[in-house]
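Residue numbers (the working numbering), protein chains in the order written: chain W, 1 to 115; chain Z, 1001 to 1110. Just so it is clear, CB atoms sit at the ideal spot from N, CA and C, and this is done for glycine as well. Just so we're clear, the structure is a prediction, and the values are computed from it rather than from any experiment.
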């Protein structure tokens, strides 16, 4: 199993540009989560999906952030326009209903730097 | 107040030492508890779940005190490879998602 796949692994962009992060969950997992990690705030949940439907987006910082899951094997997190304070590591994670202890498997993350 | 609070450390211990981490959580409706491990510049990975009766996995022992809303992790006979950040995680209170503490950094020294 390839695990959760994220791309790109690193992204450097300029303020005002659109950024799109991509995630492929583990096959058969029906939950997908997007997290953001910074030194100041730690690991924060942004949004999660169940069976491709957004369930809780209360962690999305503001309207500049949007997430989609068009099918069970693909999700995107978009930031438009990006700002320097969006610089962070963005993790995608997936899990399976009834899985062992509801374990979430994380992707390697996308390290975003907004100049 | 944060939902999950941990001492950030770092804890610097020699190889072979026993070290304990503590964590408190604020939501009394929390139902599931975990310890995740995160290596530097890597993703978090599940270390172990925490059960009410306490549980052990090799050198690692986790305990839960629901009355005090307190979780602990004990590592015996520390190895250099145990150096990492340990994240206390809770789930529940009507949410499927996990709530992470900010982590406790452990550095095991030769």
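Excluding residues up to 5 positions away in sequence, 15, 114, 115 lie with their Cβ nearer than 8 Å to the Cβ of residue 84 of chain W in the same chain. In this model, residue 69 of chain W and residue 1015 of chain Z are separated by some 46 Å (Cα to Cα). Annotation: Cβ neighbours of residue 109 of chain W in chain Z (cutoff 9 Å, chain order): 1041, 1042, 1043. Proximity of chain W to residue 1103 of chain Z at the Cβ level (cut-off 9 Å) is accounted for by 42, 43, in chain order. Taking C-beta atoms as the reference points, residue 67 of chain W and residue 81 of chain W fail to come closer than 9 Å.
Contact of residue 1046 of chain Z with chain W by beta-carbon distance below 7 Å involves 103. Interface flag for residue 50 of chain W against chain Z is set, since a Cβ pair is found closer than 9 Å.
Here the alpha carbon of residue 1104 of chain Z sits roughly 28 Å from the alpha carbon of residue 96 of chain W. In the structure shown, residue 115 of chain W adopts coil according to DSSP, grouped into three states.
Excluding the 5 residues flanking it on each side, residue 72 of chain W has same chain C-beta neighbours closer than 7 Å at 52, in chain order. With respect to chain W, the C-beta atom of residue 1001 of chain Z has no partner C-beta closer than 9 Å.
Contact between residue 42 of chain W and residue 1100 of chain Z holds, since their C-beta atoms are separated by about 6 Å, short of 8 Å.
Listed in chain order, the non-local C-beta contacts of residue 1049 of chain Z below 6 Å within the same chain comprise 1034, local neighbours out to five positions each way being set aside. Residue 1106 of chain Z is a Cβ neighbour of residue 1086 of chain Z, given a cutoff of 9 Å. Judged by DSSP secondary structure, residue 1046 of chain Z falls within the beta strand (DSSP E) whose first and last residues are 1044-1050. Of the candidates Z/1075, Z/1090, Z/1042, Z/1075 places its Cα closest to the Cα of residue 1021 of chain Z.
Under the DSSP assignment, residue 1107 of chain Z falls in the beta strand (DSSP E) whose first and last residues are 1104-1109.
Residue 78 of chain W and residue 19 of chain W do touch by the CB rule: their CB atoms are close to 7 Å apart, below 8 Å.
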